[in-house]
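In what follows, a single structure is set out as structure tokens and then discussed.
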Amino acid sequence: MKKNISFILNGELTEVEIEPHLTLLQVLRDKLEMMGTKEGCGMGECGACTVLINGKAINSCILPAMEVDGKSVTTIEGLIDIHGNLHPIQKAFIEYGAIQCGFCTPGMVLSAKALLDEKPNPSEEEIRDSIAGNLCRCTGYLQIIQAIKAASGLL
Amino acid sequence: MKKFDYLKPKTLEETLTLLNKYGEKAKLIAGGTDVIVMIKQKKMSPEVLISLQDVPGLDRIEFNESLKIGPMVTHRTIEKSKIIRRQFSALSDAVDVLGSVQIRNVATIGGNICTAAPSADTASPLLALEAHVRLKSLREERTLPLDQFFTGPGETALERDEILTEILIPKPLPHTGSAYWKHQRRQALDLPILGVAVLLSLDKSTVTCSDILCTASPISTILHSLEGDEVVCKEVRIALGVAAPTPMRATKAENLLRGKKISDELLEEVAEMAAKESQPRDTIRGEAWYRRDMIRVLVKRVAMRCIERVLRPEEMIFPTRLW
Numbered sequence: 032m033k034k035n036i037s038f039i040l041n042g043e044l045t046e047v048e049i050e051p052h053l054t055l056l057q058v059l060r061d062k063l064e065m066m067g068t069k070e071g072c073g074m075g076e077c078g079a080c081t082v083l084i085n086g087k088a089i090n091s092c093i094l095p096a097m098e099v100d101g102k103s104v105t106t107i108e109g110l111i112d113i114h115g116n117l118h119p120i121q122k123a124f125i126e127y128g129a130i131q132c133g134f135c136t137p138g139m140v141l142s143a144k145a146l147l148d149e150k151p152n153p154s155e156e157e158i159r160d161s162i163a164g165n166l167c168r169c170t171g172y173l174q175i176i177q178a179i180k181a182a183s184g185l186l
Numbered sequence: 026m027k028k029f030d031y032l033k034p035k036t037l038e039e040t041l042t043l044l045n046k047y048g049e050k051a052k053l054i055a056g057g058t059d060v061i062v063m064i065k066q067k068k069m070s071p072e073v074l075i076s077l078q079d080v081p082g083l084d085r086i087e088f089n090e091s092l093k094i095g096p097m098v099t100h101r102t103i104e105k106s107k108i109i110r111r112q113f114s115a116l117s118d119a120v121d122v123l124g125s126v127q128i129r130n131v132a133t134i135g136g137n138i139c140t141a142a143p144s145a146d147t148a149s150p151l152l153a154l155e156a157h158v159r160l161k162s163l164r165e166e167r168t169l170p171l172d173q174f175f176t177g178p179g180e181t182a183l184e185r186d187e188i189l190t191e192i193l194i195p196k197p198l199p200h201t202g203s204a205y206w207k208h209q210r211r212q213a214l215d216l217p218i219l220g221v222a223v224l225l226s227l228d229k230s231t232v233t234c235s236d237i238l239c240t241a242s243p244i245s246t247i248l249h250s251l252e253g254d255e256v257v258c259k260e261v262r263i264a265l266g267v268a269a270p271t272p273m274r275a276t277k278a279e280n281l282l283r284g285k286k287i288s289d290e291l292l293e294e295v296a297e298m299a300a301k302e303s304q305p306r307d308t309i310r311g312e313a314w315y316r317r318d319m320i321r322v323l324v325k326r327v328a329m330r331c332i333e334r335v336l337r338p339e340e341m342i343f344p345t346r347l348w
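The listed protein sequences derive, respectively, from chains U and F. Per the numbering used here, the first sequence runs over residues 32 to 186. Per the numbering used here, the second sequence runs over residues 26 to 348.
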């Protein structure tokens, strides 16, 4: 009883046959081999699996893949531009040392992108709120907040 | 995760027909932030999930004589609704502190109500706002006051073949303020130890001493200075989350205050009564005695925030302090 879904993945129309109980995270990693999106808790608490759907940050580990049919999905792989350059938020993360082990980074960057696309000049409180659902076990939050602030000036 | 089929009906009629067909084997899914987690935790194992995502008309907010919120409206949409923030502030307070942005972008108010956790953040504000719910099946359509909807932890008055189709909130009286306070250990992504929602309607929206509300004075000092103005409470509703097996109204406490002049002593009594009529239990997040103590403290403070919202609607739409 497999089903077909089609959606825009990082700008490209993608069609895939899936078992209907799979989460978006499982489809991204196991079917489409897009390994940038991470699984942390698997319960919607840690935000490592954050991707953007129609520009909004969501936890892909608890989203049924069937729900992205007809929608647009952006993963960390989609942030690089056509010339292979990193996105300004990614550059800021590197510059400010906002990456330690790197496991939370794709989710952090995407939460930051969702925020800055909607609000190009957020307050620190808004930055903190936007990443409240992204846990960093290395606890390097200050650098992450600084990086997002710096990136907000560049976009 | 256990396998299931996933159906996406395109109309309400089709949804109700599927619900009838699959009965016990099916589970409705809205945002899925509870349902998928519960399936992963093996707390439920439906053979079929019926998604409401493609059913038109369930994701609207309308405001005419009353406020109508579709069950598929996300918490994020409510968070951004100016009408709700201004006139139904308790609900805004609740969605501001519910989950994370990622959860609020997906999770719906209908889902929060139908999961019926005693800790559901939107439940006590909706009770204080005297919300009604409209339920529909192929057999009938009925409307219930929300306090009759919650029947136990995780249990509701929904029949197997019924769907929540609308949440209705009456327009508040003039000079009304409402507020919700989530008592929690962390500032985000936590469940409440206690949720306190209060709605107060006053007989006036100005007092001679309103400046005192901006001071850092103790709450009793502020209340004493209000007493000269004879501020009368025309309507009051107090609702508590995690204070009983279901979200509850503290009606005895409300009766003490309704129609009376607001004073420090009276609010003390009201908060005391709310603590008495609550039935909290010991849980991992807090013990019953502690919850009762906090009800005593917070009912009064949340009531003060309501008064502040009536008297200073512009400045205090986003207050950050609770005295």
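All C-beta atoms in this analysis are idealised placements derived from N, C-alpha and C, irrespective of residue type, glycine included. Please read these numbers as outputs of a predicted model, since none were measured by experiment.
Since residue i meets chain U, which of its residues come closer than 8 Å, beta carbon to beta carbon?
{"i": "T58/F", "result": "G75, N90, I93"}
{"i": "V98/F", "result": "Neighbours of V98/F on chain U: none; closest Cβ ~14 Å, over 8 Å."}
In the DSSP assignment, what are the bridge partners of residue i?
{"i": "F175/F", "result": "T181/F"}
{"i": "S242/F", "result": "S242/F pairs with nothing; no bridge assigned."}
{"i": "N90/U", "result": "T81/U"}
{"i": "K52/F", "result": "L74/F"}
{"i": "P195/F", "result": "S91/F"}
{"i": "V223/F", "result": "A204/F, I263/F"}
{"i": "K325/F", "result": "For K325/F, which the question treats as bridged, DSSP gives no partner whatsoever."}
{"i": "Y31/F", "result": "L74/F"}
{"i": "T45/U", "result": "F38/U"}
{"i": "T54/U", "result": "P95/U"}
{"i": "L189/F", "result": "L160/F"}
Below 7 Å on C-beta distance, what does residue i contact in chain U?
{"i": "M26/F", "result": "H52"}
{"i": "V120/F", "result": "The premise fails here: V120/F is roughly 12 Å from chain U at the closest Cβ pair, so nothing lies under 7 Å."}
{"i": "K65/F", "result": "G73, M74"}
{"i": "I103/F", "result": "The contacting residues do not exist; I103/F stays about 15 Å from chain U at best."}
Just the chain F side, please: which residues come within less than 8 Å of residue i by C-beta, in chain order?
{"i": "A182/U", "result": "Those do not exist, as A182/U stays about 17 Å from chain F at its closest Cβ, beyond 8 Å."}
{"i": "T170/U", "result": "Per Cβ cutoff of 8 Å: no residues; T170/U is ~14 Å from chain F at best."}
{"i": "M32/U", "result": "D30"}
{"i": "T81/U", "result": "Q127"}
{"i": "G78/U", "result": "S125, Q127"}
Report yes if the C-beta of residue i is less than 7 Å from at least one heavy atom of the ligand GDP; otherwise report no.
{"i": "R111/F", "result": "Looking for the ligand GDP in the displayed structure turns up nothing, as the structure carries no ligands at all."}
Select from the options the residue whose C-alpha is nearest the C-alpha of residue i.
{"i": "P34/F", "options": "L56/U, E98/U, L53/U", "result": "E98/U"}
{"i": "C139/F", "options": "I192/F, K277/F, C258/F", "result": "I192/F"}
{"i": "T168/F", "options": "L74/F, K93/F, L43/F, D254/F", "result": "K93/F"}
{"i": "E135/U", "options": "M32/U, V82/U, I36/U", "result": "Correcting the residue type first, residue 135/U is Cys in the shown sequence and not Glu. Ranking M32/U, V82/U, I36/U by Cα distance to C135/U puts V82/U first."}
{"i": "S288/F", "options": "L251/F, R317/F, R310/F", "result": "L251/F"}
{"i": "F124/U", "options": "E155/U, G164/U, I176/U", "result": "I176/U"}
{"i": "V126/F", "options": "A143/U, Q174/U, C132/U", "result": "A143/U"}
{"i": "E304/F", "options": "A142/F, A269/F, E104/F, P199/F", "result": "Checking the sequence, you will find Gln at residue 304/F rather than Glu. Nearest of A142/F, A269/F, E104/F, P199/F to Q304/F, Cα basis: A269/F."}
{"i": "E260/F", "options": "S226/F, L32/F, P81/F", "result": "S226/F"}
{"i": "D118/F", "options": "L224/F, D236/F, V295/F, T246/F", "result": "L224/F"}
{"i": "S235/F", "options": "V98/F, V327/F, R337/F, G57/F", "result": "R337/F"}
{"i": "D79/F", "options": "D254/F, H157/F, L151/F, Y31/F", "result": "Y31/F"}
{"i": "R352/F", "options": "V62/F, S230/F, H157/F, E104/F", "result": "Absent from the model: residue 352/F. The displayed extent of chain F is 26 to 348, so no value can be given."}
{"i": "L110/U", "options": "C132/U, T68/U, I93/U", "result": "T68/U"}
{"i": "G78/U", "options": "K67/F, L214/F, K285/F, V256/F", "result": "L214/F"}
{"i": "E302/F", "options": "R283/F, E339/F, I263/F, G311/F", "result": "I263/F"}
{"i": "A132/F", "options": "F175/F, A204/F, H100/F, G48/F", "result": "H100/F"}
{"i": "V5/U", "options": "G164/U, S154/U, K62/U", "result": "This structure gives no information on residue 5/U, because the portion of chain U shown stretches from 32 to 186."}
{"i": "I49/U", "options": "G56/F, K28/F, V62/F", "result": "K28/F"}
{"i": "V62/F", "options": "G136/F, V158/F, S91/F", "result": "G136/F"}
{"i": "E155/F", "options": "L123/F, V327/F, T276/F", "result": "T276/F"}
{"i": "H52/U", "options": "T42/F, E312/F, L74/F", "result": "L74/F"}
{"i": "M298/F", "options": "G284/F, V322/F, G311/F, K286/F", "result": "V322/F"}
{"i": "E293/F", "options": "R110/F, E255/F, G220/F, H249/F", "result": "H249/F"}
Which residues in chain F have a C-beta closer than 7 Å to the C-beta of residue i? List them in chain order.
{"i": "K87/U", "result": "N130"}
Run down chain U in chain order and give the residues with a C-beta less than 9 Å from the C-beta of residue i.
{"i": "K257/F", "result": "The question names Lys, but residue 257/F is Val in the sequence shown. Neighbours of V257/F on chain U: none; closest Cβ ~37 Å, over 9 Å."}
{"i": "I134/F", "result": "Within chain U, no residue comes near I134/F; the closest Cβ sits about 17 Å away, beyond 9 Å."}
{"i": "I33/F", "result": "Note that residue 33/F is Lys in the sequence shown here, rather than Ile. Under the 9 Å cutoff, chain U gives M97, E98, D100."}
What does residue i touch in chain F if you count any residue whose Cβ is under 9 Å from its own?
{"i": "S142/U", "result": "S125, V126, Q127"}
Quick check for students: name the residue ranges of the alpha helix (DSSP H) that lie wholly in the region 119 to 170 of chain F, counting only runs of 4 or more.
126 to 129, 134 to 140, 148 to 153
Inset, instruction - At 3 residues or longer, and completely inside the region 77 to 115 of chain F: list those beta strand (DSSP E) runs for me, N to C. - result: 86 to 88, 91 to 94
**Message:** For the region 282 to 315 of chain F, list every residue whose C-beta sits within 9 Å of some C-beta in chain U, in sequence order.
**Reply:** none
Quick one: complete alpha helix (DSSP H) runs, 4+ long, within the region 149 to 180 of chain U? 155 to 161
Checklist line | Interface residues of the region 196 to 216 of chain F facing chain U [CB-CB below 7 Å] | finding: A213, L214
query: Between the region 37 to 49 of chain U and chain F, which residues of the former have CB atoms less than 8 Å from a CB of the latter, in chain order?
result: none
(request) Output the residue ranges of the beta strand (DSSP E) runs that lie fully inside the region 92 to 124 of chain U and measure 3 residues or longer, sorted by chain position. (result) 103 to 105
Checklist entry - If contact means a Cβ-Cβ distance below 9 Å, which residues of the region 155 to 166 of chain U contact chain F? => result R159, D160, S161, I162, A163, G164, N165, L166
**Prompt:** What residues from the region 40 to 58 of chain F come within 9 Å of chain U, judged by C-beta to C-beta, listed N to C?
**Reply:** I54, G56, G57, T58
### Task
Please specify which runs of the alpha helix (DSSP H), each continuous and at least 4 residues long, are wholly inside the region 255 to 316 of chain F, giving them in chain order.
276 to 282, 289 to 302
Worksheet item: What residues from the region 216 to 249 of chain F come within 7 Å of chain U, judged by C-beta to C-beta, listed N to C?
Response: none
Please list, in chain order, the residues of the region 72 to 90 of chain F that have any C-beta partner in chain U closer than 8 Å. L74, S76, Q78
* To do: Name, going along the chain, the residues of the region 319 to 340 of chain F whose beta-carbon falls closer than 7 Å to a beta-carbon of chain U.
  => none
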